[in-house]
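Chains as they are written, first to last, in our numbering: chain A, 1 to 457; chain B, 1 to 71. Remarks on the structure that follows.
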């Protein structure tokens, strides 16, 4: 039954039409048209009461107004529920990922244009190097220089080739559970640490973590912890080679450990290259964690100042630069801020190219990973969808919604609801997704109703 | 069934009398608002759309229809 409040509200539509001397007719056969037929006997000016009464009379073969309306509403709400589900669970996650990816790339391009793209990595003295038993192992070699060993591949070739993970674990175990635990925390993958060019071993040039792995590995061979190690060491030549590399590695670790201790006591921040455990990345500033955190907490330091240093000097260490950063962090923070202020805004052409390429790559990958679908057809839909007009960053979301919806769904409904939600979010002072979905759904229902009527004079 | 499917190519003649046209306009408006409200209530009842407050659905759908009709 038509509610009185509904009829009263609807009078606003009729009044607005009357004001411009316009009338409505309905598309025959449409759901709204079918509902109108239930009121066909009502054609007198009888007011709201009469209209209400007529809505409970079976005016067509399909039933009363209430029955036909309930049936239609349920059917359409099911269609809408599917549209909302697809929009929410299929299309929207891809749209969000693409927009986030484009924005991240845009930011990276802008930051790299002024040299501010970089990371800060804090390094700490590994617990294994502070372990007394380990220090006892390396102490005998403290004066042995870091050397370059050539043609060592012949000694280790077959040994390493046939080495099982189990044998490697036996070799690098020290016999102390505490020390072995510290080793495993520092060297998480011994096999990959030993995967390098064994034709030439430059002890000074290798990252510290690799040198520690080599030391433990050779110590295991030298002390013949496995049968294969015993066989290798049965050759005097091999024994000499192993002993020399072992001593050189031990010497490097001892000196680095002592140096680490010294720089921490000095209060240095910028790490020296040889104390970095991995191969250095030129876009990363390596800092001593303990001193870096202390510098921030008590001496006015900041990550921005550290990034300003990286932008200006790279990650090279010198005493002077290190001291300037410690004592005058404001200078580097100003440098960071100044560069931030110069951030290049991408040109419209660059921005359009970036968004189109990113969206194309992302969706191509999504299609590639889909199963039981006609991939050729989907790629064709994507190619056509990418041709949607895109006029720059302000329109990124609507462009992405159009491309993803057109590629992954049929019709316009999913695209329309997502665009409408985006519009509502733009209109709201405070973002509220639930409210935006609610209003967008109302607008979509209103559009669907509008498509079933025609305005006539 | 797609919600955007519709043809406006066939329109029922509504008779010559002006009053009949006005009555029909009133009926269509009332049925459109009522159907819109029923659809939204169905969606709300099945938790497909959450209602953020107690706004009058009839008023919201009426405003939205007027907007869509570009009156």
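Each residue gets a CB set at the ideal place from its N, CA and C atoms; glycine is no exception. Please read these numbers as outputs of a predicted model, since none were measured by experiment.
Interface flag for residue 438/A against chain B is set, since a Cβ pair is found closer than 8 Å. In the three-state scheme derived from DSSP, where H, G and I count as helix and E and B as strand, residue 419/A is classed as helix. Taking each of 187/A, 368/A and 355/A in turn and checking the Cα distance to residue 388/A, the smallest one comes out for 355/A.
Taking residue 317/A as the centre and dropping the five residues before and after it, the same chain places the C-beta of 270 and 272 closer than 6 Å to its C-beta, in chain order. For residue 166/A, the enclosing alpha helix (DSSP H) stretches over residues 165 to 172. Comparing alpha carbon positions, the residue from 303/A, 134/A, 204/A and 311/A closest to residue 275/A is 204/A.
Boundaries cannot be given for residue 199/A, as no beta strand (DSSP E) includes it and DSSP labels it neither H nor E.
Boundaries of the alpha helix (DSSP H) around residue 111/A: 92 to 113. By the 16-neighbour rule on beta-carbons within 10 angstroms, residue 68/A is buried. Within the stretch 16 to 33 of chain A, those residues whose Cβ lies closer than 9 Å to any Cβ of chain B are, in chain order, 16, 17, 18, 19, 20, 22, 23, 24, 25, 26, 27, 28, 29, 30, 31, 32 and 33. In the DSSP annotation of this structure, the continuous segment of the beta strand (DSSP E) that includes residue 119/A starts and ends at 119 to 123. Residues of chain B with a Cβ closer than 8 Å to the Cβ of residue 74/A are, in chain order, 42. Annotation: the continuous beta strand (DSSP E) that includes residue 286/A extends over 284 to 288. If the five residues before and after residue 122/A are omitted, its C-beta is found closer than 7 Å to the C-beta atoms of 287, 289 and 292, all from its own chain and listed in chain order. For residue 450/A, there is no enclosing beta strand (DSSP E); the enclosing alpha helix (DSSP H) has its first and last residue at 433 to 450.
The Cβ-Cβ distance between residue 25/A and residue 456/A falls below 8 Å.
Of the other Cβ atoms in all chains shown, fewer than 16 fall within 10 Å of the Cβ of residue 148/A; this residue is therefore exposed. Distance between residue 300/A and residue 234/A, taken at the CA atoms: about 60 Å.
When DSSP assignments are scanned along the stretch 287 to 322 of chain A, no uninterrupted stretch of beta strand (DSSP E) that is 3 or more residues long falls wholly within it. Rounded to whole angstroms, the separation of the alpha carbons of residue 15/A and residue 41/B is 26 Å. Proximity of residue 9/A to chain B, defined by a Cβ-Cβ separation below 8 Å, is satisfied. In the three-state reduction of the DSSP assignment, residue 24/A falls in the strand class, which pools E and B. For residue 69/A, at least one C-beta of chain B is nearer than 8 Å to its own C-beta. Taking each of 405/A, 451/A and 429/A in turn and checking the Cα distance to residue 85/A, the smallest one comes out for 405/A.
Our two residues, residue 31/B and residue 342/A, have alpha carbons roughly 60 Å apart in a direct line. Taking the C-beta atoms as reference points, residue 332/A is found no nearer than 8 Å to residue 116/A. Proximity to residue 197/A across 154/A, 81/A, 296/A and 166/A peaks at 154/A, based on C-alpha coordinates. Non-local C-beta neighbours of residue 128/A in its own chain, meaning closer than 6 Å and more than five positions away in sequence, comprise 134, 182, 183 and 186, ordered along the chain. Among the residues facing chain B, residue 447/A is included, as its CB has a counterpart in that chain under 8 Å away.
By the Cβ neighbour-count rule, residue 305/A is buried, with 16 or more other Cβ atoms within 10 Å of its own. Non-local C-beta neighbours of residue 393/A in its own chain, meaning closer than 7 Å and more than five positions away in sequence, comprise 351, ordered along the chain. By the neighbour-count criterion, in which 16 or more other beta carbons inside 10 Å mark a residue as buried, residue 403/A falls on the buried side. Collapsing the DSSP output to three states places residue 152/A in coil. Sequence-distant partners of residue 413/A (beyond 5 residues in either direction) whose C-beta falls short of 6 Å from its own C-beta, in its chain, are 83. Counting only Cβ-Cβ distances below 8 Å, residue 443/A has contacts in chain B at 64, 67 and 68, in chain order. Between residue 39/A and residue 36/B, the CB-CB gap reaches or exceeds 8 Å.
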